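> In full-length UniProt numbering, the protein residues as written are 1 to 294.
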């Protein structure tokens with residue numbers, strides 16, 4: 001089995017599309033198809049089921065995938081060891097979420113862009129369970145999580161910082177100025193939030209379920225902030241995401257304390273040998289993200 005064929009197999013298994021795999025690898029689609037057929041021929045099994053315009057892994061393909069990950073990772077480790085003095089280079093697929101991409105990661109991304117231009121970072125927006133699954137399958141090299149739990153099945157994880165949350169409203173909201181608000185006090189408030197699956201949105205909704213308050217979805221953090229500033233309701237958001245608005249007075253922090261704590265974490269598949277450029281990313285994420293606490 002050639003490493004080149006295994007790398008192509010990994011990419012097709014990742015995106016489940018010959019066309020998209022060819023585009024991402026820089027090959028003609030016919031070349032990708034020929035490589036997969038060559039690998040199937042050498043193994044004597046079909047690795048993909050063709051379902052019209054769609055494909056999916058066969059049982060044999062599912063069994064091969066973790067071995068392909070291990071073999072390509074070991075090859076990358078060997079290349080890194082031989083060229084230990086060379087400038088860091090390589091691709092890193094990163095699972096992340098909007099609040100971290102927009103408000104925690106810019107210094108890290110800027111640092112890598114200027115300091116290590118041969119390291120290619122690809123950010124893939126996913127939440128919680130989807131990120132963890134992609135890490136276990138090897139689709140992502142590393143993933144950022146914002147969760148109350150810090151142990152995740154099949155993953156190694158490192159807590160970078162606790163993520164403070166604040167309940168915010170527009171300056172003229174009737175709850176502004178009230179002290180020691182309880183969850184019951186929010187029963188009549190219009191709640192504004194991001195999409196389901198967002199950890200602080202889901203925990204907030206679960207906390208208030210007893211009082212069944214209405215919930216208005218705005219999808220993104222920026223849209224949520226605009227809606228809250230316009231007086232449409234209150235929202236629970238990471239403090240780092242609303243720091244500028246709180247300073248400018250367009251949003252006001254309400255006197256309600258979340259009964260749960262979230263932690264920003266970096267995770268990767270347990271047992272995965274991290275190549276040197278990925279280890280470098282983990283080290284700099286640890287340093288730069290933790291420096292932004294608060």
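Here a beta-carbon is modelled for each residue, glycine too, at the ideal position from N, C-alpha and C. Every value quoted in this text rests on a predicted model; they were computed, and no experiment measured them.
In the structure shown, what three-state DSSP assignment does residue 260 receive?
Within the chain shown, numbered from 1, the residue matching residue 260 stands at position 260. Here residue 260 sits in coil by DSSP.
> Would you kindly check if the distance between the Cβ of residue 21 and the Cβ of residue 11 is under 7 Å?
Here residue 11 corresponds to residue number 11 of the chain shown, with the count starting at 1. Here residue 21 corresponds to residue number 21 of the chain shown, with the count starting at 1. In this structure, residue 21 lies closer than 7 Å to residue 11 by Cβ.
> Let me know the secondary structure DSSP gives residue 127 once reduced to three states.
Stepping through the chain shown from its first residue, residue 127 is reached at position 127. Three-state result, residue 127: coil.
> Using beta-carbon positions only, say whether residue 120 and residue 91 come within less than 7 Å of one another.
Here residue 120 refers to the residue found at position 120 when the chain shown is read from its first residue. Here residue 91 refers to the residue found at position 91 when the chain shown is read from its first residue. Yes.
> Is the region 255-274 touching the region 141-154, taking contact as three or more C-beta pairs under 8 Å?
yes
> Report the rounded CA-to-CA distance for residue 286 versus residue 158, giving the unit in angstroms.
Taking the first residue of the chain shown as position 1, residue 286 is located at position 286. Taking the first residue of the chain shown as position 1, residue 158 is located at position 158. Their backbone Cα atoms lie some 8 Å apart in a straight line.
> Less than 7 Å separating the beta-carbons of residue 170 and residue 229?
One-based indexing of the chain shown puts residue 170 at position 170. One-based indexing of the chain shown puts residue 229 at position 229. Yes, these two residues count as a Cβ contact at 7 Å.
> Within 10 Å of its beta-carbon, does residue 49 have 16 or more other beta-carbons around it, so buried, or fewer, so exposed?
Looking up residue 49 in the chain shown gives position 49. Residue 49 should be labelled exposed.
> Can you list, in chain order, the residues of its chain with a C-beta nearer than 7 Å to that of residue 108? Leave out the 5 residues immediately preceding and following it.
Here the question's residue 108 lines up with position 108 in the chain shown. Hits under 7 Å: 284, 285, 288, 289.
> Distance, Cα to Cα, residue 61 vs residue 46?
In the chain shown, residue 61 corresponds to position 61, counting from 1. In the chain shown, residue 46 corresponds to position 46, counting from 1. Spanning the two alpha carbons is a distance of roughly 7 Å.
> Leaving out the 5 sequence neighbours to the left and right, which residues in its chain are closer than 6 Å to residue 294 when beta-carbon positions are compared?
Sequence index remark: in the chain shown, residue 294 carries index 294 (1-based). The predicted position of residue 294 is uncertain, since its pLDDT is 45 and thus under 50; no value can be drawn from it.
> Mind pulling the alpha helix (DSSP H) runs of 4 or more residues that sit fully within the region 21-65?
29-43
> Out of curiosity, what's the CA-to-CA distance linking residue 39 and residue 246?
Looking up residue 39 in the chain shown gives position 39. Looking up residue 246 in the chain shown gives position 246. Roughly 57 Å between the two C-alpha positions.
> Mark residue 127 as exposed unless 16 or more other C-beta atoms lie within 10 angstroms of its C-beta, in which case mark it buried.
What you label residue 127 is simply residue 127 of the chain shown in a count that begins at 1. By the neighbour-count rule (16 or more Cβ atoms within 10 Å), residue 127 is buried.
> Can you tell me whether residue 275 is buried or exposed, with buried defined as 16 or more other CB within 10 angstroms of its CB?
Here residue 275 corresponds to residue number 275 of the chain shown, with the count starting at 1. Classification of residue 275: buried, given that the 10 Å Cβ count is 16 or more.
> Can you give the Cα-Cα distance for residue 75 and residue 118, rounded to whole angstroms?
By 1-based counting over the chain shown, the position of residue 75 is 75. By 1-based counting over the chain shown, the position of residue 118 is 118. About 19 Å.
> Does the distance from the CB of residue 8 to the CB of residue 18 come in under 7 Å?
Locating residue 8 in the chain shown gives position 8, where the first residue counts as 1. Locating residue 18 in the chain shown gives position 18, where the first residue counts as 1. No, the Cβ-Cβ distance between residue 8 and residue 18 is not below 7 Å.
> Using alpha carbons as the reference points, say which of 250, 242, 256, 36 lies closest to residue 103.
Mapped onto the chain shown, residue 103 falls at position 103. Looking at the Cα atoms, 242 is the closest of the given residues.
> Whole angstroms are fine: how far does the CA of residue 248 sit from the CA of residue 141?
Residue numbering aside, residue 141 sits at position 141 when the chain shown is read from its first letter. Residue numbering aside, residue 248 sits at position 248 when the chain shown is read from its first letter. Straight-line spacing of the CA atoms in residue 141 and residue 248 works out to 38 Å.
> Are residue 251 and residue 167 closer than 7 Å when you measure CB to CB?
Counting from 1 along the chain shown, the entry for residue 251 is found at position 251. Counting from 1 along the chain shown, the entry for residue 167 is found at position 167. In this structure, residue 167 does not lie closer than 7 Å to residue 251 by Cβ.
> Quick check on the burial criterion: 16 or more other C-beta atoms within 10 angstroms. Buried or exposed for residue 199?
Stepping through the chain shown from its first residue, residue 199 is reached at position 199. So residue 199 ends up on the buried side.
> Starting from residue 157, follow the beta strand (DSSP E) in both directions and report where the run begins and ends.
Reading the chain shown from its first residue, position 157 is the one you call residue 157. Residues 155-163.
> Using DSSP's beta-bridge definition, name the partner residues of residue 234.
Taking the chain shown and counting its residues from 1, the one referred to as residue 234 is at position 234. Answer is 191, bridged to residue 234.
> What residue from 266, 218, 132, 115 has the CA that sits closest to residue 232's CA?
On the chain shown, position 232 is the one that residue 232 refers to. The residue with the shortest Cα to Cα distance from residue 232 is 218.
> Could you tell me if residue 278 is buried or exposed, where buried requires 16 or more neighbouring beta carbons within 10 angstroms of its beta carbon?
Residue numbering aside, residue 278 sits at position 278 when the chain shown is read from its first letter. Flag for residue 278 reads buried.
> Taking its Cβ as the centre, do 16 or more other Cβ atoms sit within 10 Å of residue 193, making it buried, or is it exposed?
Sequence index remark: in the chain shown, residue 193 carries index 193 (1-based). Buried is the call here.
> Does DSSP put residue 294 in a helix, a strand or coil?
Position 294 of the chain shown, counted from the start, is the residue given in the question as residue 294. For residue 294, the predicted structure reports a pLDDT of 45, less than 50, and the residue's modelled location is therefore unreliable. A value from the coordinates is still provided. In this structure, residue 294 counts as coil in the three-state DSSP scheme.
> What is the rounded straight-line gap between the Cα of residue 281 and the Cα of residue 222?
Counting from one through the chain shown, the residue named residue 281 turns up at place 281. Counting from one through the chain shown, the residue named residue 222 turns up at place 222. The straight-line gap from Cα to Cα measures roughly 27 Å.
> Would you tell me roughly how many angstroms separate the C-alpha atoms of residue 134 and residue 96, rounded to the nearest one?
Your numbering for residue 134 matches position 134 in the chain shown. Your numbering for residue 96 matches position 96 in the chain shown. About 11 Å.
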